[in-house]
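First up is the structure itself, then whatever we jot down about it.
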Amino acid sequence: MSTPSPSGPTPGGAGAPPKDRGPAPTGVAAPTGGPATTPLAGAQGSPTGPAGEYPWLDRVHSPEQLRVLPRAELGQLCAELRQFLLESVQATGGHLGSNLGVVELTVALHAVFDFRRDRLVFDTSHQAYPHKVLTGRRAQFPTLRQTDGLCGFTNPDESDYDLFHLGHAGTSISLGVGLAQALAHEPDPPHVVAVIGDSSLGAGVAFEALNHAGTDVGRLLVVLNDNEWSISKSVGSLARYLSRIRSNRTLQRAQQEIHNLIASIPVIGGRVERVLDQVREVLRHAIVAGHVFEELGVTYVGPIDGHDVDLLVEKLERVRRLDGVVLLHTLTEKGKGHPNAPTHPERVHAAKPPKSITAVRATPESPKVEPEPRRLLGTTVEDGPSYTQAFADALARLAERDLRVHAIVAGMPSGTGLVGFAERFPRRFHDVGITEQHAVAMAAGMAKGGLRPVVAIYSTFLQRGYDQVFQEVALQGLPVTFAMDRAGLVGQDGPTHNGVFDIAYLRTLPGFTLSAPRDATDVERLLELALRSSGPFAIRFPRGNCPLRERVHPSERAALEAGRAEVLLEGQEVEIWAYGALVPEALLAAERLRVRGFEVGVVDARFAKPLDEALLAEHLRSRRLLLTLEEHQRAGGFGSALLEAAAKVRGARAQVRLLGVPDLFQPHCTSREEQLARCGIDADGVERVVLQHFERERG
Ligand SMILES: Cc1ncc(C[n+]2csc(CCOP(=O)(O)OP(=O)(O)O)c2C)c(N)n1
């Protein structure tokens with residue numbers, strides 16, 4: 061890990077520039093790679109050498125080394141870099157498609173700018189792999205997104221070339237505007253570059269930033285990486301507008317001629333001049349690509365071929381001399397070089413890690429190796445359907461019965477499992493793009509109009525729409541259902557994507573019902589209850605699978621009632637109140653502790669709000685130890701809610717211990733299971749706490 065340079069202009073403020081990494085290499089002679097044998101689809105330059113050989117890439121361990129390569133060899137470097145990413149990321153898993161698309165752009169950026177001094181921000185930063193390779197991290201690629209390995213996003217802990225740890229889309233222009241303002245006082249201000257995808261540009265915050273950027277905030281280059289895809293196809297009028305620019309080659313050719321024509325219209329004065337002014341404007345609007353940006357005060361350049369590294373270098377050298385805010389529009393192909401990219405860009409977005417990598421790994425902190433399914437008391441932690449699938453299936457069944465049910469997603473139709481729903485109910489499915497605020501406010505409008513909208517959203521991305529959850533939904537008391545996927549720890553994506561704050565940020569809002577299912581049957585029952593509810597209702601479920609065999613048969617379950625917990629196992633001295641998907645872990649721990657002679661009970665709390673206060677009071681009075689178990693930050697979560705209720709109980713004798721995610725941003729790990737173990741919120745963790753508690757009491 062490198063430390064920030066002390067020589068930054070405003071240390072800790074504008075992001076200190078990376079340290080000089082030693083003198084530039086001198087050897088730039090053509091490397092002696094083997095004969096070219098593996099042509100690379102669509103790559104610029106000649107083919108790479110035999111698989112696994114990267115004669116030019118081997119010479120580049122830093123951007124300084126890139127900058128001394130002969131310009132004519134940059135195409136070859138790009139070909140090797142693309143080949144390296146294809147081989148490496150397919151072996152480990154990771155965001156493949158977006159990265160293959162920005163190879164030439166990243167090489168050109170590092171060739172033209174010096175990001176030891178200039179500043180580079182990647183939006184969302186899932187497309188920063190080529191940047192990682194070029195900034196000395198290639199050797200770590202076999203560890204990509206694994207425990208203690210290379211992060212899948214930019215991360216200042218990893219390199220001084222990474223200014224921010226990001227993962228949520230749309231903020232790069234704002235960050236760039238801030239950096240530009242912080243650096244503007246310098247005699248020769250460094251350049252600030254923000255790289256943003258076409259879909260992320262549609263996020264509200266990106267529009268807000270552009271709106272401000274055009275008002276003299278300093279020098280900023282925004283590079284629009286337009287590949288026409290989000291994770292799915294980009295949606296909305298902005299996507300349509302960009303696509304019109306992209307497809308209109310005639311317009312691009314005509315553009316220069318029109319510029320010349322406008323310039324050549326003579327200035328005559330008086331009325332004629334005013335009319336000609338209008339003609340100039342009409343022509344500009346009708347013909348000039350990107351006039352929407354120009355109207356915002358942003359100089360638009362493009363569109364240009366984002367896979368032509370020579371052209372990119374030439375344009376970047378030109379635009380870096382311009383003042384103010386410049387938007388360079390580059391056209392790229394998502395997954396460039398991958399055989400499936402032309403037909404299935406969505407499939408190429410993320411390469412799945414092979415099974416051997418996602419298997420639970422033993423670590424010194426968590427010696428957990430559990431190859432066999434763990435059976436207990438009629439339930440198992442064997443994999444059933446994913447929670448995502450259980451939700452999608454349930455929603456489709458309920459939508460069939462109730463025409464008022466609409467589904468809303470914010471750029472994540474596949475991630476939320478709703479592609480099938482979209483095909484089946486196209487008029488009742490709304491992908492609004494990466495616009496979580498709009499998604500939530502629109503749901504409020506739908507609910508007011510008599511519909512039953514279900515906002516299917518990752519817990520972490522609902523944070524973007526929090527104010528709309530408060531004002532448009534909660535304050536109006538509207539029946540909007542929030543199906544929060546990836547609620548909990550998410551494994552390889554890490555802290556930007558962990559959904560561990562939602563209970564805290566939702567439970568303070570009056571009138572909200574907060575719930576979490578322990579299995580697939582309860583996913584459907586809670587969804588049904590939500591759709592019958594008269595106010596806002598949240599259902600959280602994790603990235604992971606439902607238990608294959610359920611503890612209680614669906615036909616034997618009592619009707620659900622908001623605020624009613626369910627006793628799954630009667631206890632005497634110890635009671636575990638578990639929330640949602642960790643209920644099976646609590647049952648497993650209870651089983652093991654019972655073998656050791658502890659009469660441990662398990663409650664499926666099911667609701668964090670309202671809580672089952674009557675049952676809680678009974679347990680607080682009669683048990684010696686009460687544990688809460690949740691996949692959420694301990695601060696402000698389910699356990700905190702329970703403690704607040706406990707403070708009102710007279711005659712309580714139980715000690716209460718809260719098991720949840722500690723007050724740290726949990727780093728990425730190879731698997732969610734490993735993160736659960738690290739936080740001590742799996743069966744082993746529960747068992748350990750109970751044993752330690754009674755050992756301490758005894759000794
Ligand atoms: C606020 C937010 N919502 C949703 C996502 C999930 N997400 C990650 S990448 C992505 C697509 C981004 O598309 P684009 O900006 O065009 O970049 P590309 O992947 O095409 O290079 C989405 C929707 C996110 N990261 N942040």
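Here the numbering used here is used: the first residue of the sequence shown is 61, the next is one more, and so on. Each residue gets a CB set at the ideal place from its N, CA and C atoms; glycine is no exception.
Drop a sphere of 10 angstroms on the beta-carbon of residue i, count the other beta-carbons inside from all chains shown, and report buried for 16 or more, exposed for fewer.
i, result
"Y518", "buried"
"A450", "buried"
"R652", "buried"
"T520", "buried"
"D286", "buried"
"E425", "Reliability of the predicted coordinates at E425 is poor, the pLDDT of 40 falling under 50, and the value obtained from them is presented with this limitation in mind. Flag for E425 reads exposed."
"K669", "buried"
"Q528", "buried"
"S615", "exposed"
"V469", "buried"
"E690", "buried"
"K412", "exposed"
"D462", "exposed"
"T98", "Residue confidence is low: T98 scores 31 on pLDDT, short of 50, so the model does not pin down where it sits. Its coordinate-derived value is still stated next. That one is exposed."
"S219", "buried"
"Q125", "buried"
"G537", "exposed"
"R756", "exposed"
"E377", "exposed"
Anyone know if the C-beta pair for residue i and residue j falls short of 7 Å?
i, j, result
"G493", "V255", "no"
"A543", "V500", "no"
"P577", "G444", "no"
"R205", "Q552", "yes"
"R681", "G711", "yes"
"A244", "V373", "no"
"C138", "V162", "no"
"S232", "V181", "yes"
"R815", "L724", "Nothing can be reported for residue 815: it is not among the residues displayed for the chain, which extend from 61 to 759."
"P123", "L239", "no"
"A707", "R567", "no"
"V265", "G230", "yes"
"G467", "A516", "Rather than Gly, the amino acid found at residue 467 in this sequence is Ala. The answer is yes: Cβ separation under 7 Å."
"V749", "V560", "no"
"L391", "R306", "yes"
Leaving out the 5 sequence neighbours to the left and right, which residues in its chain are closer than 8 Å to residue i when beta-carbon positions are compared?
i, result
"R198", "L117, H121, F144 and K192"
"R127", "A84, H170, A171 and D174"
"A622", "T573, S575, L589, S593, F667 and P670"
"T423", "Only weak support is given to the placement of T423: the predicted model assigns it a pLDDT of 38, under 50, and the value that follows is read from those uncertain coordinates. T207, E734, A737 and R738."
"V583", "Y447, A450, F451, A454, P577, I599, F601 and C606"
"G87", "Note that G87 scores a pLDDT of 34, beneath 50, so its modelled location is shaky; the value from the coordinates is reported in the next line. Contacts found: R119."
Which same chain residues, not among the five before or five after residue i, have their C-beta less than 6 Å away from its C-beta?
i, result
"A89", "Unreliable positioning characterises A89 in this predicted model, as indicated by a pLDDT of 41, which lies under 50. A coordinate reading is not provided."
"F597", "T541, T573 and A590"
"A459", "V465 and F485"
"R820", "Look at the range of the chain in this structure, 61 to 759, and you will see that residue 820 is not part of it."
"R650", "One detail in the question is off: residue 650 reads as Ala in this sequence, not Arg. Cβ within range, chain order: L629, V660 and V662."
"G471", "S290, G493 and I494"
"R585", "L620"
"E409", "Glu is not the amino acid found at residue 409; the sequence shown has His there. These residues qualify, in order along the chain: G157 and I291."
"E532", "A501 and A504"
"G357", "G274"
"G82", "With a pLDDT of only 36 at G82, under 50, the local geometry of the prediction cannot be trusted, and no value is derived from it."
"A743", "E645, L648 and A649"
Grab me the residues of residue i's own chain with a C-beta within less than 7 Å of its C-beta, minus the 5 sequence neighbours each way, in chain order.
i, result
"L261", "L284 and L298"
"E635", "G661, V663, H679, R683 and L686"
"D222", "T214, N215 and P216"
"A705", "L671, E673 and L676"
"V479", "P473"
"A646", "I636, A638, V662, L689 and V746"
"L302", "D258 and D286"
Could you please give me the residues that DSSP links to residue i through a beta bridge?
i, result
"S446", "N605"
"Q256", "In the sequence under discussion, the amino acid at residue 256 is Ile, which differs from the Gln named in the question. Looking at the DSSP assignment, I256 forms a beta bridge with L284."
"G157", "Note: G157 sits in no beta bridge, so no partner."
"Q693", "V721"
"I364", "T390"
"H490", "I468"
"Q715", "L685"
I want to see whether chain B comes within less than 7 Å of residue i, judged by CB atoms only; does it?
i, result
"Y518", "Judged by its chain identifiers, the structure shown contains no chain B, having just a single protein chain."
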